Amino acid sequence: MIALRPGRAAPFLPVGRHADESDFPDGGLPICPIACPAIGPGRSPLDDRIQRKKLEILSSDASYDEKGTHRRIEGSANIIEAWQGWGKAFPDSKATFVREFASGDTAILEIVWKGTHSGPLQMPNGEVPASNKVLDMPACHINKVEGGKIKSMSHYFDMLTMLTQIGVLKG
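Every number in the numbering used here is 66 more than the matching position in the sequence shown, counting from 1.
Okay, structure coming up:
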């Protein structure tokens, strides 16, 4: 099993649930840091704690490979900034963990992302205005841990599904 912190093994979240404050009473975070509640306007103390914890569990030189957008992001601060962009576009987004697997230094998570596209979404060709349409999209997240921190992550999701569901493309 992967231990992101000594004495705490993955997976942290029960399958079929999304993260909320009750999932980390001792200050821990799920092994999939992107699945934590979005950081956005009206931040709560929980949001600030999650922001600090995300930085703590990511290696400073972590890499994030977002397959759906073809973005490869280097460095924990840049990764969190990218996640905040998703949080602005889908501020109520939640990740439900369908299945979790861990072996050696790798964790694989099958996730379903749900949320409302109620904020602007930055795309390579410009901004997509809020559509207020609901997203319900399966994804896969692969994390590699080194030295007790996440060193690399690959996030697989179907961009065509997302763009169709939020009304950018006709289905």
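All C-beta atoms in this analysis are idealised placements derived from N, C-alpha and C, irrespective of residue type, glycine included. Treat the numbers as computed from the prediction; the structure is a model and nothing was measured.
Boundaries of the alpha helix (DSSP H) around L229: M225 to Q231. By the 16-neighbour rule on beta-carbons within 10 angstroms, H183 is buried. The criterion of a C-beta distance shorter than 8 Å is not satisfied by M203 and M219. Taking C-alpha positions only, W179 is separated from S169 by approximately 24 Å. Rounded to the nearest whole angstrom, the CA to CA distance from N198 to T162 is 20 Å. Beta-bridge partners assigned by DSSP to A173: A168 and N209. Nearest to L175 by C-alpha distance, out of S129, E122, I208 and K236, is I208. At a Cβ-Cβ threshold of 8 Å, L121 and F156 do not count as neighbours. DSSP places A155 inside the alpha helix (DSSP H), whose first and last residues are S142 to A155.
Apart from the 5 residues on each side of it in sequence, L235 sits with its Cβ closer than 8 Å to the Cβ of L226 and L229 in its chain, given in chain order. Following the DSSP letters along the chain, one finds A128 inside the beta strand (DSSP E) bounded by residues L124 to E132.
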